[in-house]
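Below is one structure; the comments refer to it alone.
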Amino acid sequence: MANVKLKSARSEGLARCHTCSMLNKLAGGAHHGLCTRCQAPVHFRSQNSLERSWALVIASLVVFIPANLLPIMTVNYFGTGTSDTILSGIITLINLGMAPVAVIVFIASFLVPLSKILGLIILLITVNRHSRVKPVQRTKLYRVVEFLGKWSMLDVFVVAIMGAVVNLGYITSIEPGKGAAAFAVMVILTMFAAHSFDQRLIWDLKDNE
Amino acid sequence: MSERANQQQKDLSQWFACSDCDLLLKRKTLIEGERASCPRCKSTLETRKKDSASRTLAVAVAGLVSFIPAMTLPLLGLEAVGLKNQSSLLECIASIYNSELFLVAVLVSLFCIFVPLARLLIVCYLMVLVKNNRPSQTGLRLFRYFHEWEEWGMLEVFMLGMVVALYKILGLASAIYGVGLISFASLLISATLVTQFLDEQYVWEKLSGKR
Numbered sequence: 001m002a003n004v005k006l007k008s009a010r011s012e013g014l015a016r017c018h019t020c021s022m023l024n025k026l027a028g029g030a031h032h033g034l035c036t037r038c039q040a041p042v043h044f045r046s047q048n049s050l051e052r053s054w055a056l057v058i059a060s061l062v063v064f065i066p067a068n069l070l071p072i073m074t075v076n077y078f079g080t081g082t083s084d085t086i087l088s089g090i091i092t093l094i095n096l097g098m099a100p101v102a103v104i105v106f107i108a109s110f111l112v113p114l115s116k117i118l119g120l121i122i123l124l125i126t127v128n129r130h131s132r133v134k135p136v137q138r139t140k141l142y143r144v145v146e147f148l149g150k151w152s153m154l155d156v157f158v159v160a161i162m163g164a165v166v167n168l169g170y171i172t173s174i175e176p177g178k179g180a181a182a183f184a185v186m187v188i189l190t191m192f193a194a195h196s197f198d199q200r201l202i203w204d205l206k207d208n209e
Numbered sequence: 001m002s003e004r005a006n007q008q009q010k011d012l013s014q015w016f017a018c019s020d021c022d023l024l025l026k027r028k029t030l031i032e033g034e035r036a037s038c039p040r041c042k043s044t045l046e047t048r049k050k051d052s053a054s055r056t057l058a059v060a061v062a063g064l065v066s067f068i069p070a071m072t073l074p075l076l077g078l079e080a081v082g083l084k085n086q087s088s089l090l091e092c093i094a095s096i097y098n099s100e101l102f103l104v105a106v107l108v109s110l111f112c113i114f115v116p117l118a119r120l121l122i123v124c125y126l127m128v129l130v131k132n133n134r135p136s137q138t139g140l141r142l143f144r145y146f147h148e149w150e151e152w153g154m155l156e157v158f159m160l161g162m163v164v165a166l167y168k169i170l171g172l173a174s175a176i177y178g179v180g181l182i183s184f185a186s187l188l189i190s191a192t193l194v195t196q197f198l199d200e201q202y203v204w205e206k207l208s209g210k211r
């Protein structure tokens with residue numbers, strides 16, 4: 001295997017369609033075109049991938065702040081209301097003696113979005129610095145970031161379900177809070193950020209060796 | 001398309017580029033059940049699945065059958081001091097809408113209703129086309145949408161959300177398990193099996209008439 005010269009599709013003037021994986025020959029000097037099979041836009045590498053991904057990562061970090069500071073829901077119990085943010089909600093769960101659920105919520109709502117952002121930052125910095133370190137591991141990191149994407153929507157769904165189900169008038173009711181909206185926006189921004197990053201950039205230096 | 005360009009396209013279908021590292025590879029003909037992976041970054045290139053079209057069609061139809069009950073029947077409820085309340089998925093969305101979180105209401109309906117429904121309908125139609133050997137330009141466009149929306153269907157996340165909500169309800173009062181839970185679970189299983197049984201490359205080739 002080591003003796004075989006590895007070639008990227010780009011070095012042969014071929015662009016792989018991200019949607020249907022068809023190879024497309026791009027005519028004279030063009031960087032993008034339409035896929036001959038499914039008509040989706042094809043590029044050698046996504047255009048301005050790093051810039052777009054950085055912008056979205058920074059935006060999601062900014063939205064991360066209100067998502068964690070604003071109350072995600074308010075629990076009314078016999079006329080008195082207590083507001084919970086994501087983190088205080090986790091503490092409430094522990095106090096109620098539901099540690100396993102608290103762990104799931106902590107992982108899905110706090111650890112996952114934060115490590116997703118962190119993972120993307122690592123990928124962006126290493127590609128920006130033309131790093132040649134462990135491309136296989138970095139590709140795996142990207143796959144994990146991409147896979148985790150939607151799972152951080154968990155808390156938004158929990159709030160939606162609780163708000164509808166827990167509704168016994170004066171006795172007890174739950175009111176979803178503005179934090180849920182900020183949180184949903186943050187999750188979507190991180191999903192778009194992961195989307196904008198072109199993982200093939202990790203390997204481009206290897207090919208030029 | 002000229003004769004020469006046509007010839008070139010034909011040759012290109014003999015090659016493959018890895019989705020993750022862009023390595024150019026000669027395409028191998030796979031037998032049913034076989035999987036090809038990239039020698040450099042180990043990502044899966046292609047899997048040839050057995051009896052893909054019929055199986056996919058069967059589970060997609062099963063998903064569509066359980067769709068309406070999964071949306072309208074009550075999923076979860078709670079009971080305290082003689083009072084009861086149960087909610088379906090649609091009522092959940094209505095309740096967020098009434099709390100003036102319009103954005104969240106729109107997002108939840110997109111991720112849990114419209115995207116999963118559209119993908120099931122598309123896959124049913126496409127499997128009928130594939131089974132009848134009918135290449136179709138519209139089919140290609142629909143399959144493109146099916147592929148691009150995959151990430152935005154979040155039934156499985158909603159299911160986990162129900163489990164977490166259930167535990168939280170148990171901390172407040174006693175919980176009621178709604179009949180809708182069964183339909184929702186069957187919808188979720190069907191949607192998951194669709195991605196399991198679907199052979200994407202096979203569908204692309206069938207729809208473009210190259211197979």
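Those protein sequences? They're chains A and B, same order as listed. Using this note's numbering, you'd call the opening residue of the first sequence number 1 and step up by one each time. Using this note's numbering, you'd call the opening residue of the second sequence number 1 and step up by one each time. Backbone N, C-alpha and C define an ideal beta-carbon position, used for all residues, glycine too.
Please list, in chain order, all residues of the same chain as L90/B whose beta carbon is under 7 Å from its beta carbon, the five residues on each side excluded.
M71, T72
Specify the secondary structure class of K140/A as computed by DSSP and reduced to three states.
In the structure shown, K140/A sits in a helix (DSSP, three-state: H, G or I).
Could you tell me which whole beta strand (DSSP E) segments of length 3 or greater appear in the stretch 63–126 of chain A?
73–77, 80–84
What are the start and end residues of the beta strand (DSSP E) that includes V42/A?
41–43
For H32/A, report the span of its beta strand (DSSP E) as first-last.
32–34
Just list the residues that DSSP pairs P176/A with in beta bridges.
The partner list for P176/A (beta bridge, DSSP) reads M73/A.
Can you check which of these residues, I68/B, R27/B, V194/B, F102/B, is closest to V179/B by C-alpha distance?
I68/B
Using a 10 Å radius around the Cβ and a threshold of 16 neighbouring Cβ atoms, would you call A99/A buried or exposed?
With fewer than 16 other Cβ atoms within 10 Å, it is exposed.
So, helix, strand or coil for F183/A, using DSSP?
It is helical.
Spell out whether any CB of chain B is found under 8 Å from the CB atom of G163/A.
Yes, because at least one Cβ of chain B sits closer than 8 Å to the Cβ of G163/A.
Against L114/A, what residues of chain B qualify as contacts under a CB-to-CB distance less than 9 Å, listed in chain order?
Chain B residues near L114/A: none, gap ~18 Å exceeds 9 Å.
Measuring only the C-alpha atoms, how far is S2/B from L30/B?
For S2/B, the predicted model reports a pLDDT of 48, less than 50, meaning its position is unreliable; a value from the coordinates is still stated below. Rounded to whole angstroms, S2/B to L30/B spans 30 Å at the Cα level.
Please list, in chain order, the chain A residues whose beta carbon lies closer than 8 Å to that of V144/B.
Residue 144/B is actually Arg in this sequence, not Val. Result: T19, C20, C38, Q39, A40.
Around the C-beta of G29/A, are 16 or more other C-beta atoms found within 10 angstroms, so that it is buried, or is it exposed?
Result: exposed.
Strictly under 8 Å for the Cβ-Cβ distance: is Y167/B near chain A by that measure?
Using a CB distance cut-off of 8 Å, Y167/B counts as an interface residue toward chain A.
Assuming K168/B is part of the alpha helix (DSSP H), what are its boundary residues?
155–170
Does M162/B come within less than 8 Å of chain A when only Cβ atoms are used?
yes
In chain A, which residues lie with their C-beta within 9 Å of the C-beta of S19/B?
R16, H18, S21, Q199, R200
Quick one, are the C-beta atoms of T85/A and G179/A less than 8 Å apart?
yes
Tell me which residues share the same chain as N68/A and place their Cβ nearer than 7 Å to its Cβ, disregarding the 5 neighbours each side in the sequence.
T85, I86, L87
Given a cut-off of 8 Å, decide if S173/A and V112/A are closer than it, judged by their beta-carbon atoms.
no
In or out: T56/B buried (at least 16 other Cβ within 10 Å) or exposed?
The C-beta of T56/B has 16 or more other C-beta atoms within 10 Å across all chains shown, which makes the residue buried.
Pull out every residue of the stretch 32–64 of chain B whose Cβ sits closer than 9 Å to any Cβ of chain A, in chain order.
P39, R40, C41, K42, S43, L45, E46
What number of angstroms, rounded off, separates the C-alpha of A9/A from the C-alpha of Q39/A?
19 Å
Mark Q86/B as exposed unless 16 or more other C-beta atoms lie within 10 angstroms of its C-beta, in which case mark it buried.
buried
H43/A: buried (16+ other C-beta within 10 angstroms of its C-beta) or exposed?
Buried: at least 16 other Cβ atoms inside 10 Å.
Which residues does DSSP pair with L222/B in a beta bridge?
Absent from the structure is residue 222/B, since the part of chain B shown begins at 1 and ends at 211.
So the candidates are T44/B, R48/B, K42/B, L23/B; which of them puts its Cα closest to the Cα of E212/B?
Because residue 212/B is not part of the residues shown, which for chain B are 1 to 211, the question remains open.
Using the beta-carbon count (16 or more within 10 Å), is T190/A buried or exposed?
buried
Report back the beta-carbon spacing between A181/A and L110/B to the nearest angstrom; my notes put them in contact at under 8 Å.
In fact, because the Cβ distance is near 14 Å, the residues do not count as touching under 8 Å.
Less than 8 Å between C-beta atoms, sequence neighbours within five positions excluded: which residues of the same chain meet that for V185/A?
Counting only Cβ-Cβ distances below 8 Å, and skipping sequence neighbours, we find V63, A67.
Rounded to whole angstroms, what's the CA-CA distance from A193/A to V81/B? Just pull it up for me.
Distance between the alpha carbons of A193/A and V81/B: 48 Å.
Can you round the beta-carbon distance between E79/B and A173/B to whole angstroms, since I take them to be within the 8 Å contact cut?
With a Cβ gap of about 6 Å, E79/B and A173/B count as contacting.
Taking beta-carbon pairs under 9 Å, can you tell me which members of the stretch 149–161 of chain A lie near chain B?
G149, K150, W151, S152, M153, L154, D155, V156, F157, V158, V159, A160, I161
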